[in-house]
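Protein chains: 2
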Amino acid sequence: MRVLKYAILGLLIKRPMTGYELAKEFNFELAEFWHASHSQIYPELKKLNDEGLVTYDIEISGDILEAKRYSITKEGELEFTQWLHKDEKIPKTQKDIFRLRMYFSNNLDPKTRIHLLENQRQQHLKRLNTLVKTSEQYPEVPDLYSDRFGDFVVLKGAIMRQENIIEWIDQCIGYIEAGAKNKP
Amino acid sequence: MRVLKYAILGLLIKRPMTGYELAKEFNFELAEFWHASHSQIYPELKKLNDEGLVTYDIEISGDILEAKRYSITKEGELEFTQWLHKDEKIPKTQKDIFRLRMYFSNNLDPKTRIHLLENQRQQHLKRLNTLVKTSEQYPEVPDLYSDRFGDFVVLKGAIMRQENIIEWIDQCIGYIEAGAKNKP
DNA sequence: AATCAACATGTAAATATTGACATGTAAGAT
DNA sequence: ATCTTACATGTCAATATTTACATGTTGATT
């Protein structure tokens with residue numbers, strides 16, 4: 001499906017970027033729903049260049065340090081826009097190792113289950129707080145055509161998802177505490 | 001990390017199964033948070049057998065059709081239990097192509113955005129209904145040590161997640177409708 | 001007798017992804 | 001001068017995952 005291809009093209013529509021900058025975007029702003037490391041990005045940029053969907057200019061910092069600043073081409077914009085318009089089947093599964101563990105949790109004593117859940121809760125709460133802090137940059141809904149709109153709605157979604165996960169964890173803890181009271 | 005290894009071991013603790021039956025589990029009961037197809041499962045079973053974590057007996061149906069029914073060994077149970085006890089770092093990212101699209105949605109006119117969102121909404125609602133129907137098998141919280149407990153909590157989580165996604169989609173539609181009213 | 005759905009097991013090729021290996025510069029602080 | 005952090009680009013090996021290829025049986029229905 002080559003989603004990374006479209007992720008990169010979409011980012012380059014905003015502004016020309018180096019591979020390094022793209023990697024930063026994938027590690028920060030987009031990190032809540034997409035990720036790629038530089039070892040994937042550099043080969044993909046090369047491929048996109050071969051396909052004529054991006055071009056680059058070489059920039060020199062200092063004396064010799066070269067950076068390739070990639071821009072999207074007309075063809076790239078066309079392909080990206082076509083992709084963006086497509087309806088999409090929801091994916092069969094969102095793999096989730098922790099839920100897999102919980103699926104098998106009857107093999108654990110209640111104490112261990114609660115320990116594992118509390119541990120996850122704490123980590124998710126931490127992430128939630130980070131997201132909420134980030135969302136303070138958006139006191140209002142950005143304009144529909146601003147590139148901050150997408151960031152805003154996705155951030156909202158990430159916050160809602162975190163809250164939902166924590167709610168689920170709390171319910172799980174509740175079930176276990178109630179069940180353990182009867183037969184400890 | 002070889003999560004499939006532990007997923008298979010965990011399933012085999014419940015009861016001995018053939019590769020075909022494992023594949024069915026991954027396509028039905030577990031499908032909301034894990035998935036694997038037979039082309040992954042058969043090689044993994046071979047590997048687990050080489051490692052002494054599972055064994056199999058050959059069953060004959062009819063005249064010649066052979067089926068390998070795999071069971072978990074003592075070593076397998078030990079490794080599985082050790083894995084199950086481990087705390088786990090929450091994953092960096094849950095890749096989500098639709099959210100990636102929404103992140104770039106400023107490149108679409110409001111009508112198209114709403115169309116894409118409604119399409120997703122419908123699909124997620126359909127899945128939610130299926131999940132709710134499945135959850136009717138659980139009028140009460142199963143016993144903590146029954147293997148139905150894990151299924152129950154994970155199913156609860158899947159329902160909550162679906163509801164949450166739909167809520168997010170509705171909010172997105174709301175933002176777009178409100179924004180489009182001002183500048184159509 | 002033919003057909004179909006479910007049972008059953010495998011391999012191969014292509015793609016996606018992660019983590020390690022590998023190298024070096026620029027700019028600012030100490 | 002030295003150190004540290006950020007900038008910058010790449011390859012390689014190992015896994016993980018999907019899709020297609022490949023084959024055949026069993027049991028029930030028509």
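Protein sequences appear in the order of chains A and B. Sequential numbering of the first sequence, starting at 1, is according to the numbering used here. Sequential numbering of the second sequence, starting at 1, is according to the numbering used here. The beta carbon of each residue, even a glycine, is placed where N, CA and C say it ideally should be.
task = For A/E220, return the contacting residues in chain B, with the cut-off set at a CB-CB distance below 8 Å.
result = In this structure chain A extends from 1 to 184, so residue 220 of chain A is not present and cannot be described.
task = Just tell me which of B/I165, B/Q120, B/M17 has its CA closest to the CA of A/I159.
result = Taking A/I159 as reference, the option from B/I165, B/Q120, B/M17 with the minimal CA-CA separation is B/I165.
key: Residue span of the alpha helix (DSSP H) that contains A/D50, given as start and end   = According to the DSSP assignment, A/D50 belongs to the alpha helix (DSSP H) that extends over 38-50.
message = For B/L48, which residues in the same chain have their Cβ closer than 6 Å to its Cβ, ignoring the five residues on either side in sequence?
response = Excluding positions up to five away in sequence, the list reads V54.
ask   = Among B/D143, B/H115, B/T134, B/K133, which residue has its Cα nearest to the Cα of B/I176?
value = Measuring from the Cα of B/I176, the nearest candidate turns out to be B/H115.
ask   = Using a Cβ-Cβ distance under 9 Å, would B/I90 count as near chain A?
value = Output row for B/I90: interface = yes.
query = Which chain A residues sit within Cβ distance under 7 Å of B/L84?
reply = The CB of B/L84 comes closer than 7 Å to the CB of R101, F104, N107, L108 in chain A, given here in chain order.
key: Start-end ranges of the alpha helix (DSSP H) lying completely within the region 47-131 of chain B, minimum 4 residues   = Taken in chain order, the whole alpha helix (DSSP H) runs of length 4 or more contained in the region 47-131 of chain B are 74-85, 97-103.
message = Just to check my reading of the structure: B/Y70 and B/Y56 have Cβ atoms closer than 8 Å, yes? What is that Cβ distance to the nearest angstrom?
response = Confirmed, Cβ separation roughly 5 Å.
ask   = The alpha helix (DSSP H) spanning B/E21 covers which residue range?
value = For B/E21, the enclosing alpha helix (DSSP H) has its first and last residue at 19-27.
ask   = When the Cα atoms are used, what is the spatial distance from B/T81 to A/K181?
value = Approximately 24 Å, taken between the alpha carbons.
query = Whose CA, out of A/H85, A/F104, A/L9, lies closest to the CA of A/E77?
reply = The residue with the shortest Cα to Cα distance from A/E77 is A/L9.
query = Excluding five sequence neighbours on each side, which residues of the same chain lie with their C-beta closer than 6 Å to the C-beta of A/E167?
reply = There are no such residues.
ask   = Should B/K126 go down as buried or exposed, given a rule of 16 or more other Cβ atoms within 10 Å for buried?
value = Exposed is the call here.
ask   = Closest to A/K68 by CA distance: which of A/Y20, A/G150, A/T134 is it?
value = Nearest C-alpha to A/K68: A/Y20.
query = Expressed to the nearest angstrom, what Euclidean distance is found between the alpha-carbon atoms of B/L11 and B/Y138?
reply = If you take the alpha carbons of B/L11 and B/Y138, they lie about 20 Å apart.
query = So, is the C-beta of B/R127 closer than 9 Å to a C-beta in chain A?
reply = Taking CB atoms only, B/R127 has a neighbour in chain A less than 9 Å away.
Contacts that A/G157 makes with chain B (C-beta to C-beta distance below 7 Å) = Those within 7 Å of A/G157 in chain B are R99, W168.
task = Please list the partners that B/F28 has in chain A, where partner means a Cβ-to-Cβ separation under 7 Å.
result = Those within 7 Å of B/F28 in chain A number zero; the least Cβ separation is about 11 Å.
request  = Measure from the C-beta of A/M1 to each C-beta in chain B and report whether the shortest distance is under 9 Å.
outcome  = Yes, A/M1 counts as interfacial toward chain B.
message = Does A/M1 come out as helix, strand or coil in the three-state DSSP assignment?
response = Three-state DSSP puts A/M1 in coil, outside helix and strand.
Minimum C-alpha distance to B/L4 - residue among A/D96, A/G179, A/E136, A/I173 = Selected option, being the one with the closest Cα: A/D96.
query = At a CB-CB cut-off below 8 Å, which residues of chain A make contact with B/G150?
reply = Those are M102, Y103, F104, S105, N106, listed as they occur along chain A.
request  = Please look up how many angstroms separate the CB atoms of B/L84 and A/N107, rounded, as I've assumed it's under 8 Å.
outcome  = About 6 Å; that satisfies the 8 Å criterion.
query = Helix, strand or coil: which one does DSSP assign to A/R161?
reply = For A/R161, the three-state secondary structure derived from DSSP is helix.
message = Spatial neighbours of A/F88 within its chain, please: C-beta separation below 6 Å, excluding the five flanking residues on both sides.
response = Contrary to the premise, residue 88 of chain A reads as Glu rather than Phe in this sequence. Same-chain partners within the cutoff: there are none.
task = Examine chain B for any beta-carbon lying closer than 9 Å to the beta-carbon of A/E32, and answer yes or no.
result = Among the residues facing chain B, A/E32 is included, as its CB has a counterpart in that chain under 9 Å away.
Residue-chain proximity (B/K95, chain A), Cβ-Cβ < 9 Å = Chain A, which has a Cβ nearer than 9 Å to the Cβ of B/K95, makes this yes.
query = Listed in chain order, which residues of the region 50-81 of chain A have Cβ atoms closer than 7 Å to some Cβ of chain B?
reply = Cβ proximity to chain B below 7 Å picks out T81 from the region 50-81 of chain A.
ask   = Would you say A/L116 faces chain B, with C-beta separation under 9 Å as the test?
value = In terms of beta-carbon proximity, A/L116 lines the interface with chain B, with at least one pair separated by less than 9 Å.
message = Helix, strand or coil, according to DSSP, for A/W168 in the structure here?
response = Of the three classes helix, strand and coil, the one that applies to A/W168 here is helix, per DSSP.
key: Candidates B/E29, B/P91, B/M102, of which the one nearest A/F104 by Cα   = Minimum Cα distance to A/F104 is reached at B/E29.
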